[in-house]
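Numbering-wise, the numbering used here comes out as the position in the first sequence, counting from 1, plus 921. Glycine included, each C-beta is placed from N, C-alpha and C at the ideal position.
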Amino acid sequence: MQRAAPSHLPMSFQMTTSRFAQSLGVLDAELRARFVDAAAQAGQSGDAVPEIALGPARDPAHGDFATAAALAAGKLWKRNPLEIAQRVAGAGIANMPGVSAIEAKAPGFINLRMTSTYWAGVVREALEQGAAYGRSDALANTGPILLEFVSANPTGPLNVVQGRSSSLGATLAAMLRFAGATVHTETYVNDAGTQLDLLADSVYARYATSFGNETPMPEDGYKGEDIVEVATALRERDGDRWLKAPEQERRSAIGEFARDTIVAQQRADLEAFGVTFDRWTFESSMHAAGKVDAAVDWLLQHGVAFEKDGAVWLRSTEFGDDKDRVLRRSDGRPTYLAPDAAYHRDKFERGNRYLIDIFGPDHHGYVTRLKAIAAALGHAGMLEVLIAQQVTLKRGGETMAMSKRAGQVVTLREVVDEVGKDAARFFFINRAPESQLVFDLALAVEQSSNNPVYYVQYGHARIASILRKAQETGRVALLERARAGSDVDRLEHPLEIALIRRLADYGRTVSEAARARAPHRLAEYARDVATDFHSFYTECVVLGDDEALSSARLSLALASKTVLASALDLLGVSAPERM
RNA sequence: GCGCCUGUAGCUCAACUGGAUAGAGCAGCGGCCUUCUAAGCCGCAGGCUUCGGGUUCGAGUCCCGACGGGCGCGCCA
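What follows is the structure in structure tokens.
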């Protein structure tokens, strides 16, 4: 990864940087002003001007940047969009730094073409900002966001869907931060209630049986191999002391031990996967602090919960649910929903303005209920739930059936062991979250061009290789000039410009993808950068005889390396120096 | 039965929230290594976006209706 801009750069140099960083904003503002004029002309108020949303032109033949704002305005104002576009473009390129041409095109697009100086500035900006290049404050106004994901039961190893959720959550958090948002990540452990008792009893059955004291598993007990391992560890730690202990004491001690053991393993698996959390919250802690009762009482007091048939119900029908939901059973025990109400209330009370939860596909029926909770707590619309859809594993042609019942769940750990962290992270993130995902293990391990992970990493490694070559052949002065971006004005080859256009779009790509909760677009973008670089590399010799041209191309290679490393970092994939 | 997700090239998926000629990767076919990594590049072929209506200057995208796939609908967690 490139270092950030050295601090010894002269002030004027750094100001140049920010001018380029803001140049799109400048263009956006100028276009907006022209639209306001056009609105007045059409008898509309300035408020009726649509988003300009200047973005890269779809086809380079159209120009470098384009906006469809005139089309939107045409609809809004009931005017001919082309005429609006022509009026806006008719003012020419005055007050539009970096623009060489502006043009209106049917049915109402406005296209901008940029000067070569502008593109040179993009490369210089990337070199100066290094790892910070592409960062923005686009999402800085959202207030603190709490992103909860994985939230596994402490009853066994993490499965592949949780792997997908963790890729999604970790990358989304990184992207949101990159786009200026304040984000805290958190995971929740359901370590209370009947579930934990069942876990304790399952471990006890294995434990007792290992002493020759045949004990049947509970009916819905956890039958996985990992439970045997927990039992073995328990035996190693405590010997046979639990065989004769009273049931209550045994249950809580073994439950705690099992939870700690399994959670530690989950945490280790996640760390090996490059995923960490700012905080782990335990359901048991909500109970212990009295927050579960407090939440239910609060809901009762505020009239959004009521008592009926001896139970306490959430008035969820008032918040879009199709039926009311029980919070506290008639026997006094809370349902699953009550601690979740307490937990989400706690999240808000800790100062978070906006909550995002990522669930697995089996919990989407729970979404309405949870949103009802947020609304009942007085935070309507402040909870967003993303569903990480199902993952189907495939090895070559054969689909692997996964049955939770039979204990045949493929774990995240197994997948990571088989294909590696990088491939797993990339494959999980590579699809839209709401799309079901077919994960081909055979493809993911393949160390060949077929594998998109290697394709991107190879781009990075190739650039590193050029740098090594320059170093080894003693071209130190050249490296200096390249790092300073001294010759970037020499860049003009179509493939050079195509690559720069791509790099220029990095910040917008991250912020838009983060806003849309569509991190897969970043994976796609990384592939596009690699593609543009590989094309450039094949066609344009970097280390040639022309010193200035070599320096210019080396600058572009360095800038590309920076962006590739940055994108891979957000994706949780390593950026190797050689392959 | 009700709700959520989904249906796009042979396969796996995009399409930046209604914009320009629907794009990638695999698989298939044909080219490119005496020069910085061929884990690469260039080209060809492949589509009535499941089907039928509607909304409008414009629909893969929005609305209605079929049909197919996945998941969920407890005082379970």
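As summarised for the stretch 1330-1407, the continuous beta strand (DSSP E) elements at least 3 residues long and confined to that stretch are 1358-1361, given in chain order. According to DSSP, residue pairing for Y1128 in a beta bridge does not occur. The C-alpha of P981 is placed about 36 Å away from the C-alpha of Q1392.
For F1030, the enclosing beta strand (DSSP E) covers residues F1030 to M1035.
G1380 sits buried, since 16 or more C-beta atoms from the chains shown fall within 10 Å of its C-beta.
The shortest CA-to-CA distance from V1377 to any of A994, E1024, D1490 and G984 is the one to D1490. In this structure, DSSP gives F1457 a helical state, which the three-state scheme calls helix.
With three or more CB-CB distances shorter than 8 Å, the stretch 1142-1157 counts as touching the stretch 1174-1182.
G1493 and T1092 do touch by the CB rule: their CB atoms are close to 6 Å apart, below 8 Å. Scanning the stretch 956-1037 for uninterrupted alpha helix (DSSP H) segments of 4 residues or longer gives 990-998 and 1002-1011, listed from N- to C-terminal end. The Cβ-Cβ distance between V1366 and G1341 falls below 9 Å. Excluding the 5 residues flanking it on each side, A1293 has same chain C-beta neighbours closer than 6 Å at S1237, F1240 and D1242, in chain order.
Pairwise C-beta distances place the stretch 1040-1060 in contact with the stretch 1093-1105, as three or more of them are shorter than 8 Å.
In the assembly as shown, V1359 is an exposed residue. Its beta-carbon has fewer than 16 other beta-carbons within 10 Å.
Contact annotation: H1265 and A1295 have beta-carbon atoms nearer than 9 Å. In this model, E1417 and K1244 are separated by some 60 Å (Cα to Cα). V1288 and F1070 have their C-alpha atoms some 14 Å from each other. Cβ-Cβ separation between G1090 and I1279: approximately 5 Å, consistent with a contact (criterion under 8 Å). Taking each of F956, L1362, R1290 and N1273 in turn and checking the Cα distance to T1313, the smallest one comes out for L1362. At the C-beta level, A1403 and A1496 stay beyond 9 Å of one another. With a threshold of 16 other beta carbon atoms within 10 Å, R1290 meets it and is buried. Secondary structure note for A1232: its beta strand (DSSP E) is the uninterrupted segment A1232 to L1235. Closest in C-alpha terms to G1013, from the list K996, R1034 and P1002, comes R1034.
For L1155, the enclosing alpha helix (DSSP H) covers residues E1146 to D1159. In this structure, DSSP gives H1208 a helical state, which the three-state scheme calls helix. In chain order, F1269 place their CB closer than 6 Å to the CB of H1300, counting only its own chain and leaving out the 5 sequence neighbours on each side. Annotated as proximal: A1094 and T1106, with beta-carbon spacing under 9 Å. Residue nearest to R1423 within the set A950, F986, A959 and G964 is F986 (criterion: CA-CA distance).
Measuring C-alpha to C-alpha distances from E1004 to each of I1031, G1253 and N1273 identifies I1031 as the nearest. One Cα belongs to T1459, the other to D1453, and the distance between them is close to 10 Å. When DSSP states are grouped into helix, strand and coil, N1062 belongs to the helix group. Closest by C-alpha distance to D1159, out of E1135, A1129 and Y1039, is A1129. Looking at the DSSP output, V1463 sits in no beta bridge, so it has no partner there. The beta-carbon distance between A1309 and S1086, rounded to whole angstroms, is 4 Å. This is short enough to meet the 8 Å contact definition.
Counting C-beta pairs closer than 8 Å gives three or more between the stretch 1247-1255 and the stretch 1207-1224, which meets the contact rule. By the Cβ test, the stretch 1013-1025 is not in contact with the stretch 1455-1469, since fewer than three Cβ pairs between them sit closer than 8 Å.
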